[in-house]
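Residue numbers (my numbering), protein chains in the order written: chain Z, 193 to 854; chain G, 5 to 247; chain Y, 26 to 277.
Backbone N, C-alpha and C fix where the C-beta goes; we use that ideal spot for every residue, glycine too.
Here the structure is a predicted model, which means the values were calculated and not measured.
Heads up: the structure comes next, in structure tokens.
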Amino acid sequence: MGVFFGYVLASIPYGCAFSLVAVGLVLTYRATGVFNFAFAAEAYAATVVYSELISHGVQRGWAAAIVVCVIAPVFGALLDFGLFSRIAPGNRTAKTIMALGLTVILPQIVETAVPSNPPVPPAPFFSTSFIPVWRIGGDPVFGSAICEVAGTILVLIGLVLLLRTRRFGLPIRAAVESPKLLELSGVDARWVLRFAWMISTALAAVAGVLYQVGSGATVDPQNYDLLLVVSIAAAALAGLRNLPIAALGGVLLGLAEGLVQGYVPSSSIWYPALVPSLPFLFLLVLLIFHPTLRHLEDTIDPMASIEPPPPVPAVAMRPPIVDRTIRRMRWPFLGVVVFGVILFVPADWTEALTEGAALSIVFLSITLLTGLAGQLSLAQWMFAGIGAFTTAQLAENRHWPILLAALAGALVAGVAGLVAALPALRLRGLPVALLTLCLALLGDDLLFPTSWVSNGTSGVPVPRPSSIFGIDFSSVDSEGFFVLTVVVMIAVAGIVHLLLRGTTGRALTAVHASPIGASSSGVQIRRMTILVFMLSASIAGLGGAFYAMNQQTVSQDSFVYYFGPIYLVVVVTIGATTVEGAITAGMAFALINNALMNVPQSVGGTQLHSTALTVILLSLGAFTYAKHPEGIVEYAKRRLAKTVFRAVEHNDHPLVSAEDSA
Amino acid sequence: MAGALSVSALVFQDVHAQYGPYKALNGLTASIAEGESVAILGRNGAGKSTLARVASGLVPVASGHLSVLGRSVARTAPHVLARMGVVHLPEGVGLFSGLTIEENLVLRVGGASRSARRRRLAMALGGLNDELRSRRRTKAGLLSGGQQRLVAVTAALAAEPRLLLCDEPALGLSPVAGDEVYAALGRARDLGCALVVIETRLDRIEHLCSRAIVLEKGVAVYDATSSDQGGILDALTGSRGVS
Amino acid sequence: MKRLLEVRDVSRHFGGNAAVDHVSLDVFDGEAVGLIGSNGAGKTTLFRMIAGELALSGGRIEFDATSLPHRPDQRARLGIARTFQIVQLFGGLSVLDHLLVALQAHEGRQGPMRDVLWKGSSTPEEEQRCLETLRLCGLSDVADAPATALGLGERRAVELARALVVRPRLLLADEPSSGLDAHEAARLARVIALARRETGLAVLLVEHDLHMVEAIAERVIAMDAGRVIAQGTFDAVLHDESVIASWLGRSA
């Protein structure tokens, strides 16, 4: 009994935190249709605020009460009021993107606001958390554990009672399907949704206050990744529907996690890989085989027709003269830019621009997959990594010419894309996002750290090509490579553009709008999905290879998984439906990052982390997404087209004037 | 309902409404008295559904004046109107497919007090046919489209409406089920409820409505009332806009 | 006449409830069959099984004397086209694009390879063929309009055009007149009749509107509670006692 029971006892508190978050995830999803990836981030923020309150002399019980009962509900209401209530009920992509944006941005904001990690706070009750209150069969039971278990049980009972009520329980299940129909039934759907957000944020706060990781250490945001991962798995186990199963799943997964951690020796090579990957492997299996998850997004709002139609694309409202001018001017313009960079821009900025071009290639893969096929993939950055590592290994160990190695890298990434495509044949929307998140984390945890891939943190050197087609540019290394990357970027952009405008684009638009309509018209959805996933992964792989060449080295830290979601959010908000959107996003990311890197190290006494700030800056765009799902670039173009049309034609374009009066 | 003539159920004065760039109502002026039953006719896209949506608060009034059950509304939320007794049976099935039939009924019939809720639910369950009643704990999404429609109509009638807006209530129903729905609407009319029925089939409204308004491009182009000489169909005959 | 579609002993259960219960029926080459029945009789379920949207719980379906492949797109390429009760159009595409999607899918000329090598999204011949179908369906004027912005009558016509452009051998039409006024419904019936005369198309029609059934179908099959209760000519079926009780009511 001893050892095993000890492990069980020690992991129950974790299981409780997982339970709370899983229940919160399911509750939010069922009520609002938002899969709140930001849940763990909210828990983290709650822990930090709780800890800060205590360090400012607030009594623990009061601090917990303030966080759970005041700050969290208000924050939840604000989230709903400011962000989620502004999304059209049927727009699931926007919901996922916003939640991802929040996940990315919240920890960055907390870390910027509270620069040094605060200490792990004590449990709200019991005098000292880390002294055993009593012993069961010789194993210590800590006050914090009692707090956690009792708190979880109380909260869950309260929630179940609340959901039983006619006033709240029934509307909350109805709201997700159609807030409008709920309104017609005499229920204020806005407040039902807002209340659901307040409750679920409060749940995150309870989890945050009770979640005690690393006794005596500081609050580390990375510890909350596991909280998110495990609770997603528990929520998936519940089919994102069943609250009791979600709660139970959380506890069981917490136990499994604790037992694995206990029994697999920490010196084993499996330990660092297996422990974090376990919930993901579990989630992967669930996503593929769980029947409910497959039909997760089958229901459509019966009142969807009331929503106004999406705006017309800018291209459709541009006067012909503008089209002609753009067509005539684009190559000269590009030439001027490229030569300007070569002649006048200092080397570090040239490299930033090259990085921008390489990122643009990766982003074009998102244009293809998300903008065109409507699939949310969080693994594009991992595919880029696969391309980069393949390139590096082939060039370093097999002495392949670097460009040939890059092509091989793209191919290998394409094959990896097939792995993502096969489950995606049966899933759409959110489950694909979760699945690709799984893949990205598995890549990050299992694949990239191994020595035969990345050589660990020391990395693999990646040479840049010094000549192509007999043109030697080794003497002007960074400029030559810049031109080469831009050429590749333009070629990829051309291909993606042809697909967007061609038969593929038309067929995928059809599939996205009505899968059954497209399929009944003979469109081979499976073949298309596989092809697009593979092509998109290859493009990402190629971009990754050029990114690595620009860095000149690639290590396990080069392709961290969470940039997958970040880049997805950035591209979608800037514009995933056009080639220009991806290029703008790539360039903006690299240039802003470089600009921030040049800002003096200390501003306002806080350490400036350029990537974090870039991420915050660009992810803020996610919040424009609710209003402009077509992306910022497209929106700006439409505004411009409107102005130009007036100037050129001196009369109102029918489409433009219609929108004006809206 | 003291003083039958005191309030109009629905008054549109130069009402405009639109979805995004598309204009749907273009200065509609019409008035419907309490207890009156009116058919809204017109081609697809003439603004018929929008008329109902504006009246139930789903679509805001862009300009003009609208009053519902004596109360002036412009941006009033649908739930406020619903609690006043406006019941809108929208186009489409009008049920939550993830809830059971019974839960749908509980939600859709509403009711301010516990006794009112009980009474309405009992009435709704009584209005269902035997097959649907025996399956009242199944998810609405598992029923056929027509069956869901029947449940939605039953719920709307049981909600004790003062103003009932029906958007093609018999759509997708078999002839016999359609007849049943219209018979039930007739009973609601007889209880003093104001009825606005959007319909594309003239034969359906013959026995139900005493008045018909024809919409075209978002305005009322014809308003016909049945008289002693003939029914509503006679009044409409020869008018333009009816095909 | 040759037997085109053969449905034998087909059943489908939803959670213990038999929506379709051992149904057998035939559609012969070039024939138009109307399927009527009360709400929940299993018409739409049967229909979706024939189209490949739902799997069978039992029985078999053959098309042209061979058993059908599983997926809707495979069946579409065999020549089974379909329209929907709730219109399934492609938001963001023009009317012409709707037809091009179906035509190119049918001909197997759709995909990244073609786009990159050909540089064009459609050939003049393809467009010509689509425009001919649009003319047949009376949609020539709106060929470039976004399809989802049209009125319901035209949207249903677009769906029909999308189905007809590939010159199918069997058209499955699910309540095509639903929500249309008499004028629009008659127009749709005329288009179907015209297409049948031109290409010898067979039609299986689910419909509640008497006039529509009469205008299109040569033979009528009535269902109730998952079973076939009557079949024969329009007049014969409409005078059947069980059909009057379960479907037609006093309108007869």
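Item                                                                                                                                                         : Value
In this structure, what does DSSP give as the bridge partners for D664/Z?                                                                                    : S659/Z
I need the boundaries of the beta strand (DSSP E) containing N30/G, first residue and last residue.                                                          : Y26 to A37
If I'm right that L90/G touches A21/G with Cβ under 8 Å, what's the distance once you round it to whole angstroms?                                           : A small correction: the amino acid at residue 90/G is Val; Leu does not occupy that position in the sequence shown. In fact, because the Cβ distance is near 16 Å, the residues do not count as touching under 8 Å.
Of the choices H131/Y, F115/Y and G204/Y, whose alpha-carbon is the least far from that of A170/Y?                                                           : F115/Y
Quick one: residues in its chain with C-beta nearer than 6 Å to the C-beta of A549/Z, no 5 flanking neighbours on either side, listed in chain order?        : T677, V678 and M681
Quick check: what's the CA-CA separation for Q414/Z versus P524/Z?                                                                                           : 48 Å
Could you tell me the alpha carbon to alpha carbon distance between A224/G and G49/G, rounded to whole angstroms?                                            : 13 Å
Below 8 Å on the Cβ atoms is my guess for R180/Y versus A186/Y; work out the distance and round it to an integer in Å.                                       : Not a contact, Cβ separation roughly 11 Å.
Looking only at its own chain, which residues have a Cβ that is under 7 Å from the Cβ of R96/Y, when we skip the five neighbours before and after it?        : G77
At a Cβ cut of 7 Å, what residues of the region 110-123 of chain G count as close to chain Z, listed as they run along the chain?                            : V110, L111, R112 and G114
Are A780/Z and V763/Z close, meaning C-beta to C-beta below 8 Å?                                                                                             : no
Measure the C-alpha to C-alpha separation of A565/Z and S117/G and round it to an integer number of angstroms.                                               : 50 Å
Between which residues of its own chain and A202/Z is the CB-CB distance below 7 Å, once the five residues before and five after are set aside?              : G450
Cβ closer than 8 Å: which chain Y residues qualify as neighbours of L175/G?                                                                                  : S203 and G204
Is there a Cβ of chain Z sitting closer than 8 Å to that of P97/Y, yes or no?                                                                                : yes
Among the residues of its own chain, which have a CB less than 7 Å from the CB of R284/Z, if the five just before and after it don't count?                  : G225, E489, G621 and L622
Counting only Cβ pairs nearer than 7 Å, list the residues of chain Z close to L103/G.                                                                        : R365 and A366
Short of 6 Å in beta carbon distance, which residues of its chain neighbour V19/G, apart from the five on each side in sequence? Order them along the chain. : L29, L32, V65, G68 and L70
DSSP on A8/G, reduced to helix/strand/coil?                                                                                                                  : Summary for A8/G: the model assigns pLDDT 45, below 50, so the residue's position carries little reliability, and this model does not support an answer.
Closer than 7 Å, Cβ to any Cβ of chain Z: which residues of the region 73-98 of chain G, in chain order?                                                     : A81, P82, H83, A86, R87, H92, P94, G96, V97 and G98
If you run the structure through DSSP and keep just helix, strand and coil, what is D169/Y?                                                                  : coil
Decide if C162/Y is buried, meaning its Cβ has at least 16 other Cβ atoms within 10 Å, or exposed.                                                           : buried
Please state the DSSP three-state secondary structure of I246/Z.                                                                                             : helix
How is the alpha helix (DSSP H) around E152/Y delimited, first residue to last?                                                                              : P149 to L161
Quick check on DSSP: helix, strand or coil for P311/Z?                                                                                                       : strand
Report the rounded CA-to-CA distance for A160/G versus L103/Y, giving the unit in angstroms.                                                                 : 45 Å
So, is the C-beta of Q110/Y closer than 8 Å to a C-beta in chain G?                                                                                          : yes
Measure the beta-carbon distance from A168/Y to L128/Y and round it to whole angstroms, keeping in mind my assumption that it falls under 8 Å.               : At roughly 14 Å, the Cβ-Cβ gap does not stay under 8 Å, so A168/Y and L128/Y are not in contact.
Note down, in chain order, each residue of its chain lying with its Cβ closer than 8 Å to the Cβ of L478/Z, except the 5 sequence neighbours on either side. : A425, A428, L429 and L485
Determine which residues share a DSSP beta bridge with H69/G and list them.                                                                                  : Q17/G
What does the alpha-carbon distance come out to for the pair E219/Z and L586/Z?                                                                              : The sequence shown places Leu at residue 219/Z, rather than the Glu named in the question. So the two alpha carbons sit approximately 48 Å from each other.
Mapping DSSP to helix, strand and coil, what is A854/Z?                                                                                                      : Any answer about A854/Z is weak, because its pLDDT of 32 lies below 50 and its placement is not dependable; what the coordinates show is given next. If DSSP states are grouped into helix, strand and coil, A854/Z belongs with coil.
Going by other Cβ atoms of all chains shown within 10 Å of its Cβ, with 16 needed for buried, is R191/G buried or exposed?                                   : exposed
Does the beta carbon of H131/Y sit closer than 8 Å to a beta carbon anywhere in chain G?                                                                     : no
Apart from the five residues just before and just after R154/Y, which ones in its own chain have a Cβ nearer than 6 Å to its Cβ?                             : none
Got a sec? Which residues, its chain only, sit under 7 Å from Q567/Z by beta carbon, not counting five neighbours each side?                                 : L561, A616 and V624
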